[in-house]
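Chains as they are written, first to last, in this note's numbering: chain A, 717 to 971; chain B, 13 to 432.
So, in structure tokens, the structure goes:
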């Protein structure tokens with residue numbers, strides 16, 4: 717069996733696809749160089765990243781798919797979803813084998829899989845837009861910790877840049893230990909190691925918070941409680957829209 | 013000071029919560045420079061309260077002092093409840109600070125009536141004007157228009173707010189007079205008309221120049237209370253459909269009556285709010301707006317009320333077995349939308365997917381069709397035709413579906429019927 721190894725970048729992945737078609741490879745797995753899995757009798761082939769080859773594959777995809785679908789290819793690769801590479805590979809085999817656009821052939825399980833996975837990813841991106849809770853620090857930076865299942869914060873950065881253009885903010889991914897810092901001019905990728913953030917509830921320790929921050933958290937909790945109609949209490953519906961896995965960093969859900 | 017603002021918030025959010033509207037959609041506004049806020053066309057829900065309702069906007073009243081004495085309202089003047097009032101600066105601050113923390117999508121401002129309609133409206137307009145002009149805030153604003161407010165103030169409100177709404181509350185003039193003697197029907201209908209005119213003019217101006225100042229770009233909405241008065245679903249839904257078609261409303265909200273003033277003998281004694289009926293009305297409203305049903309196909313003189321046990325789409329299908337089975341590989345979009353168990357999303361997938369090959373029940377299931385329902389109403393080549401609605405009795409199917417629902421429902425969750 718053939719296992720293809722690459723550097724985990726999107727260009728790297730497109731280069732892998734290029735080599736698959738050029739050399740008629742039939743991989744059973746596509747993994748990062750650092751993959752720990754040792755598979756008996758596997759033939760491992762390392763594939764280097766080549767921007768030109770990547771660009772050719774990307775242009776070919778753009779010709780055959782609508783914008784939504786080729787962006788889905790990008791999002792799914794970025795997401796880090798389990799088996800994302802093989803799901804994309806099987807999809808692209810069909811895309812390039814057909815003379816017409818097959819992205820809407822939802823009778824085909826590989827095509828439907830792409831659609832469903834992309835929906836999940838976009839849904840989680842939306843959850844970030846919904847459930848980020850900024851805390852203001854004494855030096856005026858608004859900080860939020862998130863723990864998404866997929867790597868989706870990069871997809872929503874432009875939403876936050878546009879909306880909070882006049883304030884500095886950080887949105888940090890606790891699972892992948894990296895984040896984005898916007899300084900009112902540009903956004904940078906950052907790594908933080910701070911003992912000022914409680915990893916259990918995402919809260920910043922009070923000595924570096926802005927003076928009025930805890931008061932606004934109190935007001936928000938009070939509002940959350942007061943706007944509920946007790947006669948209509950419906951926790952099932954609440955959880956359906958706001959799954960419990962997002963509660964740990966939600967200010968209004970902390971006692 | 014801090015304690016005081018917490019208490020005010022508790023009173024004035026509690027007083028505003030019976031307004032069900034919370035939509036923040038319908039306006040796309042970019043941030044013009046380094047200022048605060050955007051509005052996204054599809055709206056964002058930032059949290060969900062313990063009653064399961066979305067929290068998108070800071071829904072708050074300027075004050076809950078009110079000169080009116082409407083029987084169904086918790087803030088009526090004869091009620092002995094805690095009263096409070098915000099200054100406009102306090103609301104502006106709260107909105108901005110909540111918005112900056114990504115708690116909310118914007119503000120929903122409403123108010124009890126102080127002195128008179130215009131006096132109240134002026135104070136509300138000041139809040140939204142300050143947000144837009146002083147603080148350069150571009151987030152969403154929904155403002156309630158006070159019944160009886162002058163055309164000029166409604167106009168001014170519309171230039172700053174994304175959405176305006178006037179609540180009709182009671183669907184017939186006669187019953188409104190009975191429960192809310194201080195309000196008059198014209199006082200409600202006139203501001204709705206001003207808003208409608210404002211939106212029309214804005215749209216015309218917009219055709220001439222792209223820079224025409226906006227007017228309530230997210231349109232207007234209203235709310236109807238359900239179950240406080242004896243109107244039938246047909247009366248409620250025909251009012252709704254005329255509001256959609258004549259006044260071009262974006263949304264009509266239905267609010268199951270919550271007996272806040274149980275001492276008032278003009279009101280029915282309810283053991284609980286009529287949540288199931290409210291839910292059925294929303295389903296009917298969706299059939300009208302998104303499933304291309306006509307209102308008289310859903311409720312009519314023969315069936316003036318919606319079936320509480322099954323949803324209106326299934327109910328329609330069971331009343332019209334002659335329309336089924338529908339061949340998913342051939343039927344047009346409108347008919348596919350009428351299949352119980354198929355929504356707009358799976359209907360689209362069906363239309364697109366069948367171009368590439370015949371659809372089978374297995375493929376339909378993967379597309380998200382609820383086959384447990386749909387199987388009785390479709391053919392797709394290989395489904396057995398023995399249990400189709402045209403073959404088996406609709407009564408039998410109704411019993412089957414009702415039992416499925418009952419089995420899922422917890423015992424204390426039983427149908428809540430209103431007692432007249």
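Note that the Cβ used here is the ideal one computed from N, Cα and C, for glycine as well.
- The beta carbon of residue 295 of chain B sits closer than 6 Å to the beta carbons of 323 and 324 from its chain, once the five residues preceding and following it are set aside; these are given in chain order.
- Fewer than three Cβ pairs drawn from the segment 98-113 of chain B and the segment 817-834 of chain A lie within less than 8 Å of each other, which leaves the two stretches out of contact.
- In the DSSP annotation of this structure, residue 28 of chain B is not part of any beta strand (DSSP E); the continuous alpha helix (DSSP H) holding it starts and ends at 14-28.
- For the options A:727, A:773, A:732 and A:781, the alpha carbon positioned closest to that of residue 827 of chain A is the one of A:781.
- The alpha carbon of residue 779 of chain A has as its nearest neighbour, out of A:886, A:808 and A:888, the alpha carbon of A:808.
- Given a length threshold of 4 residues, each whole run of the alpha helix (DSSP H) inside the segment 792-820 of chain A is given here in chain order: 800-813.
- Only 942, 943, 944, 945, 946, 947, 948, 949, 950, 951, 952, 953 and 954 from the segment 942-954 of chain A bring a Cβ to less than 8 Å from some Cβ of chain B.
- Scanning chain A for C-beta atoms nearer than 8 Å to the C-beta of residue 36 of chain B yields nothing, as the closest lies near 11 Å away.
- A direct Cα-to-Cα measurement between residue 61 of chain B and residue 954 of chain A gives close to 7 Å.
- Rounded to whole angstroms, the separation of the alpha carbons of residue 271 of chain B and residue 239 of chain B is 10 Å.
- When rounded, the separation of the alpha-carbon atoms in residue 891 of chain A and residue 905 of chain A is 15 Å.
- Rounded to the nearest angstrom, the Cβ distance from residue 409 of chain B to residue 349 of chain B is 19 Å, too far for a contact under 8 Å.
- Residue 757 of chain A sits exposed, since fewer than 16 C-beta atoms from the chains shown fall within 10 Å of its C-beta.
- With contacts defined by Cβ atoms closer than 8 Å, residue 741 of chain A and residue 774 of chain A do not form a contacting pair.
- Taken in chain order, the whole beta strand (DSSP E) runs of length 3 or more contained in the segment 206-254 of chain B are 232-238.
- Around the beta carbon of residue 846 of chain A, a 10 Å sphere encloses 16 or more other beta carbons of the protein chains shown; the residue is thus reported as buried.
- Taking 8 Å as the cut-off, the beta carbon of residue 230 of chain B is found no closer than this to the beta carbon of residue 47 of chain B.
- In the DSSP assignment, residue 292 of chain B falls outside any beta strand (DSSP E) and lies within the alpha helix (DSSP H) extending over 287-302.
- The Cβ atoms of residue 376 of chain B and residue 336 of chain B lie no closer than 8 Å to each other.
- Proximity of chain B to residue 788 of chain A at the Cβ level (cut-off 8 Å) is not reached, the minimal Cβ distance being about 15 Å.
- Taken atom to atom, the span from the alpha-carbon of residue 898 of chain A to that of residue 136 of chain B is near 34 Å.
- Excluding sequence positions up to five before and after residue 192 of chain B, its CB lies within less than 6 Å of the CB of 82, all in the same chain and listed in chain order.
- The beta carbon of residue 284 of chain B sits closer than 8 Å to some beta carbon of chain A.
- What residue 112 of chain B touches in chain A, judged by beta-carbon distance under 8 Å, is 850, 852, 858, 880 and 883, going in chain order.
- In this structure residue 824 of chain A is in contact with residue 810 of chain A, their Cβ atoms being roughly 7 Å apart against a cut-off of 8 Å.
- According to the DSSP assignment, residue 723 of chain A belongs to no alpha helix (DSSP H), since it is labelled neither H nor E.
- About 15 Å separates the CB atoms of residue 74 of chain B and residue 17 of chain B; that is not less than 8 Å, and the two are not in contact.
- Within chain A, no C-beta atom comes less than 8 Å from the C-beta of residue 315 of chain B; the nearest is roughly 28 Å away.
- Between residue 261 of chain B and residue 232 of chain B the beta-carbon gap is near 6 Å, inside 8 Å, which marks them as a contact.
- Proximity of chain B to residue 931 of chain A at the Cβ level (cut-off 7 Å) is accounted for by 14, in chain order.
- Using a Cβ-Cβ cut-off of 8 Å, residue 48 of chain B counts as an interface residue toward chain A, since at least one Cβ of chain A sits closer than that to its own.
- In the displayed model, residue 883 of chain A falls within coil according to three-state DSSP, outside both helix and strand.
- Closest by C-alpha distance to residue 258 of chain B, out of B:276, B:286 and B:204, is B:204.
- Listed by position along chain B, the residues whose Cβ is nearer than 9 Å to that of residue 900 of chain A are 46.
- By the C-beta criterion, the segment 961-968 of chain A is judged to be in contact with the segment 933-943 of chain A, since at least 3 inter-stretch pairs fall below 8 Å.
- For residue 913 of chain A, the closest alpha carbon among the candidates A:902, A:764 and A:925 is that of A:925.
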